[in-house]
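Each residue of the sequence shown is one higher than the one before, starting from 0 at the first, in numbering that gives the first Met the number 0. Taking it in order: structure first as structure tokens, then the write-up.
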Amino acid sequence: MLKVKDVMATTVVTADAELNVRKAVKRMNKHEIGCLVVMKKGSFVGILTERDVLKRVVADARNPDETLVRDVMSKSLTVVGPEASLEEATFLMLEKRVKKLPVVKGKKLVGIVTLTDIARIARAKGLERLEHANIKANLIAHMQKVKIGEDVRLEIELINAGKGPALLMRVEEIVPEGFKVIKKPRISRIENRNLNMKGKRLAPLKTEEIRLILRPTTKGTFILKPRIICLDETGKYKSYEPEPVKIDVSEVVLPHRIATGYEDLDNLLFGGIPERYAVILTSPSCDEKDLLIKRFLEAGANKGQITFYITTRVSELGALVEDFQSNFYLLICNPQADSMIKSLPNVFKLKGVENLTDISIALALAFRKLDKPLKGPRRACVEIIPDVLLQHHAVDSRRWLNGVIPELRLQGFTTLAVMDPEMHSAREVRAILSLFEGEINIYEKETEKGLRKFLRIKRMYNQKYLESELYLKKENLEHERSRKSKQK
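This is the structure in structure tokens:
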């Protein structure tokens with residue numbers, strides 16, 4: 000970005016002209032791609048923008064020398080800005096035959112070029128490039144440091160500097176991975192990470208502004224490098240790339256949140272599940288669901304939090320039972336429990352889910368083992384709901400959960416329950432879902448690369464969260480587990 004001190008350092012400006020210089024620089028930074036600061040006898044005269052140069056040279060292509068010199072009376076121009084902008088603003092003024100190079104390095108003025116030089120080189124070299132459509136593109140991000148969930152307003156300014164029209168076909172890579180499109184131009188549509196412009200016509204010397212609003216869902220540093228694909232009047236495709244823009248996204252962690260153990264999901268929840276909430280994870284049977292449950296339980300055990308796991312199976316979590324006997328409690332409801340895991344003080348074995356009263360009694364016994372004063376957050380995963388619902392149906396299952404969920408909340412637990420909706424009737428599913436304050440859903444849908452699994456937060460009563468769709472990658476869940484293990 001051009002600064003006033005750079006202009007002042009490269010030109011002899013009188014004190015009474017400083018205000019005009021400030022206004023000129025502000026205008027350039029806000030609206031223009033490049034400009035030339037016009038000085039006469041050390042006083043500020045005005046600015047000549049790239050658009051001005053384009054219009055004058057193209058409009059008077061037959062005799063640009065005479066017209067340009069007549070318009071501004073051969074005033075000397077001090078060229079200010081990076082070299083890349085100078086090329087665009089002056090149509091390759093940096094040809095070898097130009098002896099005085101109009102370059103500013105740091106605060107040192109290297110050379111000055113006159114309008115006569117601009118006109119001559121524009122006629123000799125630049126106009127050859129203007130016979131067909133020639134797009135100048137500028138990318139503007141109104142906020143380059145944002146937090147997850149905050150909107151980023153983007154503008155792409157397009158100028159057709161050529162004599163022929165251009166058809167705007169698409170803007171590629173405009174939506175970074177981890178961003179959601181909130182608003183786009185009416186005539187366009189989003190296709191993956193690209194913006195389909197549907198061949199919108201851009202006439203010679205006309206401008207077009209493409210405005211988008213994006214919302215980040217993951218933290219990190221993102222480089223926006225869109226590529227504009229156009230079709231000129233000869234049927235040739237051309238691509239144009241504006242200067243990249245960097246956007247830094249930081250996370251938002253609201254108070255009283257319980258981390259799920261999966262960072263991408265925590266970002267959607269602004270730090271995790273609200274403390275003492277009862278949330279249900281609805282999902283078909285899949286590895287991604289099992290990995291999310293594992294992340295949730297491991298996160299609690301590794302942080303020293305009291306963690307309850309009510310399940311019919313042990314799977315790979317048997318190591319947690321042995322490694323964290325002081326804070327990890329397993330309630331296993333399976334007739335084969337004795338052969339599945341050895342007896343430990345933190346293990347409660349039940350014959351199955353036939354007797355719901357026995358499960359409630361086992362929970363009460365586990366509560367008695369805990370310290371009376373509540374120290375830190377607690378978490379529980381209830382994975383037996385599908386078996387309970389199949390055995391006892393909606394009325395008895397709902398009655399039992401109506402007792403268990405408030406008791407867990409009273410004991411300071413944040414609860415993650417699990418259910419496969421495809422195993423039960425729609426009526427029974429609704430009867431269970433209505434007991435929980437939040438719902439996280441894993442589902443499968445068709446994409447260009449085949450069936451993929453996604454996650455979405457469907458509701459979280461009276462709490463802030465992002466409604467964005469999260470693509471679940473099994474390898475990412477596995478990688479997160481490995482990373483957490485190394486940190487431990």
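Glycine included, each C-beta is placed from N, C-alpha and C at the ideal position. Since the structure is predicted, the reported quantities are computational estimates derived from the model, not experimental observations.
Between the CA atoms of residue j and residue i - distance to the nearest angstrom
i	j	result
residue 460	residue 204	53 Å
residue 430	residue 142	45 Å
residue 310	residue 329	8 Å
residue 476	residue 315	15 Å
residue 294	residue 427	28 Å
residue 183	residue 220	23 Å
residue 213	residue 253	22 Å
residue 123	residue 161	Bear in mind that a pLDDT of 48 at residue 123, under 50, signals an unreliable position, so the number given afterwards is only what the model happens to contain. Residue 123 and residue 161: Cα-Cα distance of roughly 15 Å.
residue 409	residue 373	10 Å
residue 369	residue 422	35 Å
residue 248	residue 242	20 Å
residue 491	residue 334	Because the chain in this structure spans residues 0 to 487, residue 491 falls outside the shown range and cannot be described.
residue 386	residue 352	7 Å
residue 145	residue 197	31 Å
residue 151	residue 176	14 Å
residue 246	residue 153	11 Å
residue 206	residue 419	53 Å
Residue nearest to residue i in terms of C-alpha spacing, selected from the options
i	options	result
residue 473	452, 346, 466 and 221	452
residue 407	362, 387, 374 and 418	362
residue 382	358, 366, 374 and 367	358
residue 377	323, 306, 390 and 352	306
residue 239	173, 364 and 263	173
residue 355	263, 390 and 236	390
residue 233	131, 351 and 412	131
residue 171	189, 448 and 154	189
residue 236	366, 164 and 152	164
residue 202	270, 458, 159 and 384	159
residue 187	437, 208 and 178	208
residue 166	446, 394, 136 and 231	231
residue 392	468, 367, 467 and 425	425
Contact belief for residue i with residue j at Cβ below 8 Å, rounded distance in angstroms
i	j	result
residue 415	residue 272	7 Å
residue 290	residue 456	18 Å between Cβ atoms; not a contact.
residue 134	residue 229	6 Å
residue 140	residue 223	7 Å
residue 516	residue 319	Limits of the chain in this structure are 0 at one end and 487 at the other, which puts residue 516 out of reach.
residue 380	residue 308	5 Å
residue 138	residue 264	The Cβ separation is near 31 Å, so there is no contact.
Same chain, Cβ closer than 7 Å to residue i, neighbours up to 5 away in sequence not counted
i	result
residue 313	331, 339 and 340
residue 435	277, 278, 279 and 416
residue 344	324
residue 287	441, 452, 471, 473 and 476
residue 304	326, 375, 376, 377 and 378
residue 266	147, 216, 217, 218 and 250
residue 404	277, 414 and 434
residue 261	291, 294, 476 and 479
residue 388	396, 423, 427 and 431
residue 462	273
Beta-carbon contacts of residue i that lie in its chain and below 8 Å, excluding the five residues immediately before and after
i	result
residue 450	443 and 444
residue 149	142, 214 and 215
residue 83	No answer about residue 83 holds up, because its pLDDT of 30 lies below 50 and its placement is not dependable.
Contact set for residue i: own chain, Cβ-Cβ below 6 Å, skip 5 residues either direction
i	result
residue 350	334
residue 497	For residue 497 there is no data in the structure shown, the boundaries of the chain being 0 and 487.
Next item on the list: Return the chain-ordered ranges of every alpha helix (DSSP H) run that is complete within the region 364 to 393 and spans a minimum of 4 residues.
Entry: none
Checklist line | beta strand (DSSP E) runs contained entirely in the region 389 to 427, provided each spans 3 or more residues | finding: Inside the region 389 to 427, DSSP marks whole beta strand (DSSP E) runs of 3 or more residues at positions 412 to 418, from first to last along the chain.
Next item on the list: Could I get the ranges of all uninterrupted alpha helix (DSSP H) runs contained in the region 289 to 344, with 4 residues as the minimum, in chain order?
Entry: Every alpha helix (DSSP H) stretch that sits fully inside the region 289 to 344 and reaches 4 residues is listed by chain position as 317 to 322 and 336 to 339.
Notebook entry, point to check: Enumerated in chain order, which unbroken segments of the alpha helix (DSSP H) with a length of 4 residues or greater are wholly contained in the region 225 to 272?
Noted result: 262 to 267
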